[in-house]
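Asks: Protein chains in written order, with my numbering: chain H, 1 to 435; chain U, 1001 to 1435. We put the beta carbon where it would ideally sit given N, CA and C, even for glycine. Take this structure, written in structure tokens, and hold onto it; I'll ask about it next.
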């Protein structure tokens, strides 16, 4: 399929082109520039009033938790997790998790998201959902080990990882990849870390982990090991592989240096961190240090949606008060976090994250023909400060349109609604969770 | 026109009704409850999957500034205002301001907004726009006086106020009202204040003013007068009339007591205050003191949209870090700020702000049949944390539908687009401000 966008605004990730042409040939971007490329196209899309972006990357989420949207809105992470979330999660079966993940993917796709980095027990169901939905997925299972010993033949996470790497790592030419994972410093031990590092090395996989999300976690980690969680990880070689460090709200400058050296990224989740009362990550300081910052929504149970446009706006607005300085980060900084930053976080910066010839045609198209996007003095300002996820009119992954003008082309929404009703009835018997 | 919503979720402002019936007769709410009212209806609306709310009130904005959306995104209020905004505003004619206001109203109406409190020079044009758009408007002109003397026959604001009160105060049975106004402590003098208080008294009008928006303004006010701006106002009787105090980020507890005593409200603008680096108003402390808090977007030039759903979510999320405590305010607190709090701020709490028999039928209907609003464990949680302005499917003012499923019924959008193009060409010659 050859598709041509003509007379569009294109933000390539590096520059803003007006009245531009963008050609897609099969799965790849064949041309981007200001003259009409020669040749025939199966479809020509009038880009008038539309802005084409690199697809947005949600670099940290737990898609199956979409089933738990709004279950608990307390700001205390510990109480939220142990009193409210864990008891329900214990009842979630793998097929339920697949349905929850597909619902989350549907939501994200409608907001221009082309790739997710997910961490969850039940990773196989989430991978199956991504296979069906056509999106890119870096899947991981947050490995925990609460005993003193780590035995990969007995740890459920390690056992599932065997299947994950075998069946899903590199699936569909790498559309789905598996990330190695340590859930967090406080939920595992050094044996676990060394095992997960080995998995990363063996499979050339990213290491996705939670890092210093709350002050309590960070402080108790220091009390426990005499060093920060990141420093403790470093001692066991965790940063010898590219680390995707979610949150990092309380990470210290030397911790960020480790992330930078690893070739990985921080997944900044500004809304979830506020909602759970964890604080605000100092993204301005991280960018000044040359650390790659990506954006994540975290799960809907602590957000409560998957709209990266909200995250971009929040990231900029919060940066100023967090850094205590004017213009701490810019709108374009946030847009880069959600695109190229995410691609780095997924180890995909050689295939997507920017609009460039030869790269995958992973695109989000935003319709500016709406009152709240007029006038347009500054395209990037309107994208970050005025637009919403609902302004996305098309989402494309590897040249395949997944969503256009409210219609899903890969997800059967009728079937999903039916499955969702059944799952909710089973998980929350007697409660009406559908309007 | 008699309209019946059946089987809807209705949040009355006081409680949440499921499978409820809501009848509108002419301009008023005729019934709300759980049994079907008798009688014939011109239209019966199936409320399945929909949530009906009191219409949202945008308690502080500058609608004509919609023309300036994204013109400058610096976080420094002084530089933003003096270097970027004022020079363009100086070129804006009254007809331009009307077009800008109508664009802002179109945006707000599509997000469920039924009433605005606006402060701007060019108030007549904004009033004309509200007359045409069918929304409720409290209009004011932020009165300034930079000389030592205030002569109401020479001050442009005072001169316009004569016309405003004559032509617009009480227009269409009070759909449009005029608020008296002092722009701010630092832009006027006590003579001005006393004159504006007299106007408020004479016309039973709200006093709309900017209060302690930035630390600098608050501190310099204290240096200038030996007391806070609010205390200085109090000395001249400003709080003898109901005061709508925009921002109040740096207002002190005793300042808030004055607002409470006046019977007025704070207009909390969380996003604008972050964007201009002003800080975060402590809404939790204000609510504990019994101060009415309403929500505003401020102008789009410092936001950059007019979506009160974003303000509600931001208000809750920021309250926790501002107050330094868990669960500082709740989602329902924010929903009340945007509805009944706004009605108090406008002096309209006897006519709207809640859904109650005999009150004006000012309604916003939210469509929950969307992936990001599923499941629905908690209606108010989904409204505040997961919904966006674009989920509004109907906006009604006094029983008249202004907007439904993307269509405007009072605003001619084709004409508005045409007028907007002309205004932008004139105001920004040679610049392409339309995609």
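With 16 as the cutoff for other CB atoms within 10 Å, does residue 379 of chain H come out buried or exposed?
Replies: buried
Asks: Give me the Cα-Cα distance between residue 26 of chain H and residue 1 of chain H, rounded to the nearest whole angstrom.
Replies: 5 Å
Asks: Check whether the region 1366-1382 of chain U touches the region 1339-1347 of chain U, taking contact to mean three or more Cβ pairs, one atom from each stretch, closer than 8 Å.
Replies: no
Asks: Would you say the beta carbon of residue 1427 of chain U comes nearer than 7 Å to a heavy atom of the ligand GDP?
Replies: The ligand GDP is absent from the structure shown, which contains no ligand whatsoever.
Asks: By alpha-carbon positions, which one of U:1148, U:1300, U:1243, U:1083 ends up nearest to residue 1062 of chain U?
Replies: U:1300
Asks: Taking all protein chains shown into account, decide if residue 1136 of chain U is buried (16 or more other Cβ within 10 angstroms of its Cβ) or exposed.
Replies: buried
Asks: Tell me the start and end of each unbroken beta strand (DSSP E) in the region 154-212 of chain H that is at least 3 residues and wholly inside, in chain order.
Replies: 176-178, 180-182, 207-211
Asks: Please report the residue range of the alpha helix (DSSP H) in which residue 1306 of chain U lies.
Replies: Here residue 1306 of chain U belongs to no alpha helix (DSSP H), and DSSP marks it neither H nor E.
Asks: Quick one: residues in its chain with C-beta nearer than 6 Å to the C-beta of residue 452 of chain H, no 5 flanking neighbours on either side, listed in chain order?
Replies: The question about residue 452 of chain H has no answer, for chain H in this structure spans 1 to 435.
Asks: Roughly how many angstroms separate the alpha carbons of residue 1204 of chain U and residue 1184 of chain U, rounded to a whole number?
Replies: 21 Å
Asks: Kindly indicate which residue of H:415, H:367, H:340, H:403 has the alpha-carbon position closest to the one of residue 54 of chain H.
Replies: Nearest to residue 54 of chain H by C-alpha distance, out of H:415, H:367, H:340, H:403, is H:340.
Asks: Around the Cβ of residue 98 of chain H, are there at least 16 other Cβ atoms within 10 angstroms (buried) or fewer (exposed)?
Replies: Buried, because 16 or more other Cβ atoms sit within 10 Å of the Cβ of residue 98 of chain H.
Asks: Given this structure, state the Cα-to-Cα distance separating residue 1131 of chain U from residue 1117 of chain U, to the nearest angstrom.
Replies: 14 Å
Asks: Here's a check: name, in chain order, each residue in its chain whose Cβ is nearer than 7 Å to the Cβ of residue 95 of chain H, leaving out the five neighbours to either side.
Replies: 125
Asks: Determine the extent of the alpha helix (DSSP H) in which residue 403 of chain H is found, giving its start and end residues.
Replies: Counting along the chain, residue 403 of chain H falls outside any alpha helix (DSSP H), though it belongs to the beta strand (DSSP E) covering 400-404.
Asks: May I ask which residues mark the beginning and end of the beta strand (DSSP E) holding residue 1291 of chain U?
Replies: Going by DSSP, residue 1291 of chain U is part of no beta strand (DSSP E) at all; its letter is neither H nor E.
Asks: Can you find a C-beta in chain U that's less than 8 Å from the C-beta of residue 376 of chain H?
Replies: yes
Asks: Beta-carbon of residue 1113 of chain U versus every beta-carbon of chain H: anything under 8 Å?
Replies: no
Asks: If residue 1397 of chain U sits next to residue 1112 of chain U, beta carbons under 8 Å apart, how far is it from one beta carbon to the other, in whole angstroms?
Replies: Wrong, their Cβ atoms sit about 11 Å apart, outside the cutoff.
Asks: Alpha carbon to alpha carbon, what distance is there between residue 1375 of chain U and residue 1056 of chain U?
Replies: 24 Å
Asks: Helix, strand or coil for residue 1362 of chain U per DSSP?
Replies: coil
Asks: Give me the residue from U:1270, U:1387, U:1260 with the minimum Cα distance to residue 1365 of chain U.
Replies: U:1387
Asks: Cβ of residue 222 of chain H within 8 Å of Cβ of residue 176 of chain H?
Replies: no
Asks: I need the boundaries of the alpha helix (DSSP H) containing residue 1152 of chain U, first residue and last residue.
Replies: Here residue 1152 of chain U belongs to no alpha helix (DSSP H), and DSSP marks it neither H nor E.
Asks: If you reduce the DSSP assignment to three classes, tell me which class residue 328 of chain H lands in.
Replies: coil
Asks: What's the gap between the Cα of residue 11 of chain H and the Cα of residue 431 of chain H?
Replies: 46 Å
Asks: Quick check: is the beta carbon of residue 1405 of chain U nearer than 8 Å to any beta carbon in chain H?
Replies: no
Asks: State buried or exposed for residue 1389 of chain U, treating a residue as buried only when at least 16 other CB atoms are found within 10 Å of its CB.
Replies: buried
Asks: Using DSSP bridges, identify the partner residues of residue 1002 of chain U.
Replies: Residue 1002 of chain U is bridged by DSSP to U:1025.
Asks: What residues in the region 1056-1069 of chain U bring their beta carbon closer than 7 Å to a beta carbon of chain H?
Replies: 1067, 1069
Asks: Is it buried or exposed for residue 122 of chain H, if we count other Cβ within 10 angstroms and need 16 for buried?
Replies: buried
Asks: Is residue 44 of chain H near residue 89 of chain H, with beta carbons less than 8 Å apart?
Replies: Not in contact: residue 44 of chain H and residue 89 of chain H (Cβ atoms no closer than 8 Å).
Asks: To the nearest angstrom, how far is it from the Cα of residue 422 of chain H to the Cα of residue 1015 of chain U?
Replies: 29 Å
Asks: Within 8 Å (strictly less), CB to CB, does residue 49 of chain H reach chain U?
Replies: Judged by the 8 Å Cβ criterion, residue 49 of chain H is in contact with chain U.
Asks: Based on the DSSP output, what are the partners of residue 253 of chain H in its beta bridges?
Replies: Partner(s): none; residue 253 of chain H has no beta bridge.
Asks: Considering residue 116 of chain H, what are the terminal residues of the beta strand (DSSP E) in which it resides?
Replies: 113-119
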